[in-house]
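The opening position of the sequence shown corresponds to residue 2 in my numbering, with each subsequent residue numbered one higher.
A quick write-up on the structure given underneath.
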Amino acid sequence: GRCFEFNTRLFFFFFFTFAYSFTNNNNNNNNNNNKNKKSKLTLIQTPPGTCEKEIVEALAEQAFAKNPKANILICGYFPTPAFKKLFDWAEDVNSRSPSHPPITVSICSELKELNRAFDWIIVADSTQCTEIRLLCALSTLANDGSLVLLGDTKRIRPTVNALTVIQVSFYKCHSKKLGKKKKKKKKKKKKTEKFNTCHFQFLETQSHIHPRLVEFVSLEFYGGKLKSAPNVAFNIPQGFPWPTENYPVCFVAVEEPEEPKNVWASDNDDFERAIIVKIIHKLLRDNLHLWKTQSIKHPHITVVIPDLIQKLLLEEELESSSASLSANITVDTIVRFQGGNESEILVLSTLRSDYFNVNDLLNDPGRFNALMTTAKSGLIVIGSADQLIKFDLWRKWIQHVVIDQKSVVGALSV
């Protein structure tokens, strides 16, 4: 089984390399003047809090500084709120700088036939992209253009069995950084003749998440290399009894019965929803006005729960009890959660997750990383410690938060 999976990954990688080289080098075969022109490939790993939007903007400015007539394409796999901001930014830049060629921003699946070559192609959140989705965009790269791939293989990946070429490229480039032999470097260079140079960069400083929220993630996923900028300052959210001072991460312990009578209508469902609604109301009541005075345009609290039925019931209860505040609340399920929405606070319920076949999702490293780093100023996890310690990642998180930081409260204390 593992051999088949490995061969499948190799097939996808070589297929993409061939298709990419074919679509980009057709013109070169008939034009000897362009024979020596090769593109530049840059891979930038963007851990949580490094803000891809700001990086894309800086790259575009760098491109125009080198060549005021540069054609730039910015594309992404999914229209996340952060990516939608790039559309507005590009429109603003295009209107203010008519002397520059217009910046093209598009979702990979919506790219129409493009009639010009691009000097720069910047792919945001590239580790979510599959090979086929990227072919249309990459085929428009100029012979001496620059391709920049931004992404983080430590977060949620596409739901495909084979590794995407982006993940393979990130892995290979990172391996070079770790000091592989020169013989292997020469072999890899022959397979990617299209690119003259290949650079890998890890952004090690984040400035958009409370420093205490990235402590565990930095140690577990990035070897402690992800640091917080010294000027990062976030207020601790009010309205919640944080047990540890200046530590906006907390585990709300709930004793969960081993086997509910009815999986679809457990007696504890009402109790679980009551805890979440109570927490949400207090957080919004005590923080909403403060967030608005801090010029936070769209303050959100994200709630992630195991199953769809609970999601619908919770949404109804929140809308009926706080209609004026429901616009500031996003409710999602663990299965559907992608981590694309920026929130001030994340409330995660893991109760009875084993009865809805989401154990694998809860223990998936990429999804775990996204869950832990979606919130910017506060994280609240509701669950049973006895259930969560069955999973390796959660056992480490319980050790870090509950045992080491002593940040735990009972369900009745909130």
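From the three backbone atoms N, C-alpha and C, an ideal C-beta is built for every residue, glycine too.
The structure displayed is predicted, hence computed values, not measured ones.
In this structure, the beta-carbon distance from THR375 to THR331 does not fall below 8 angstroms. Along the length of the region 45-117, whole alpha helix (DSSP H) runs at least 4 residues long occupy 53-67, 82-97, reported in chain order.
Contact between the region 216-229 and the region 388-406 is present: 3 or more CB-CB pairs across the two stretches fall below 8 angstroms. Just so you know, the alpha carbons of ILE276 and VAL336 end up roughly 21 angstroms apart.
Sorting SER127, THR141, SER96 by C-alpha distance to the C-alpha of ARG156 places SER127 at the top.
For GLN311, the three-state secondary structure derived from DSSP is helix.
Fewer than three Cβ pairs drawn from the region 70-81 and the region 227-243 lie within less than 8 angstroms of each other, which leaves the two stretches out of contact. According to the DSSP assignment, PHE119 belongs to the beta strand (DSSP E) that extends over 119-125.
If you draw a straight line from the Cα of GLU317 to the Cα of GLU58, it is about 39 angstroms long. Between ILE123 and VAL149, the gap from beta carbon to beta carbon is short of 8 angstroms. In this model, GLU53 and ALA125 are separated by some 7 angstroms (Cα to Cα).
For ILE399, the enclosing alpha helix (DSSP H) starts and ends at 393-399. In the structure shown, the three-state DSSP call for PHE217 is helix. For LEU150, there is no enclosing alpha helix (DSSP H); the residue is part of the beta strand (DSSP E) that begins and ends at 142-152. Within its own chain, the residues whose Cβ lies closer than 8 angstroms to the Cβ of ARG117, once the five positions on either side in sequence are excluded, are ASN72, THR141, listed in chain order.
In this chain, LEU413 is not harboured by any beta strand (DSSP E), its DSSP state being neither H nor E. Pairwise C-beta distances place the region 369-386 in contact with the region 238-249, as three or more of them are shorter than 8 angstroms.
A Cβ-Cβ contact shorter than 8 angstroms links PRO307 with LEU352. THR334 and PHE84 have their C-alpha atoms roughly 22 angstroms apart. Distances from the alpha-carbon of LEU44 to those of VAL305, PHE201, HIS101, SER100 put PHE201 closest. Across the structure, GLU256 and ASP271 are spaced so that their CA atoms are roughly 14 angstroms apart. Taking each of GLU345, LEU347, SER414, LEU394 in turn and checking the Cα distance to GLY367, the smallest one comes out for LEU394. Per the DSSP secondary-structure output, ALA254 pairs in a beta bridge with GLY384, GLY411. For LEU309, the closest of PHE338, ALA412, GLU345, LEU227 by C-alpha to C-alpha distance is PHE338. Bounds of the beta strand (DSSP E) holding GLU345 are 344-350. Taken atom to atom, the span from the alpha-carbon of ILE104 to that of THR206 is near 28 angstroms. The residue among LYS377, GLY224, ASP145, LEU227 with its C-alpha nearest the C-alpha of ASP120 is ASP145.
According to DSSP, HIS211 shares a beta bridge with no other residue. If you check the CB distance, ILE210 and LYS397 do not come in under 8 angstroms. DSSP places ILE302 in the uninterrupted beta strand (DSSP E) bounded by 302-306.
Contact between GLU343 and PRO48 does not hold, since the beta-carbon distance rounds to 15 angstroms and is not under 8 angstroms. Secondary structure note for THR374: its alpha helix (DSSP H) is the uninterrupted segment 366-374. Across the set SER385, PHE79, SER100, the C-alpha of PHE79 shows the shortest separation from the C-alpha of LEU135. Separation of PRO99 and SER147 (C-alpha to C-alpha, rounded to the nearest whole angstrom) is 23 angstroms. Within the same chain, LYS54, GLU58 come within 8 angstroms of TRP90 by CB-CB distance, once the 5 residues on both sides are set aside. Each of SER321, GLN129, GLU221 was checked against the Cα of GLY340, and the nearest Cα belongs to GLN129.
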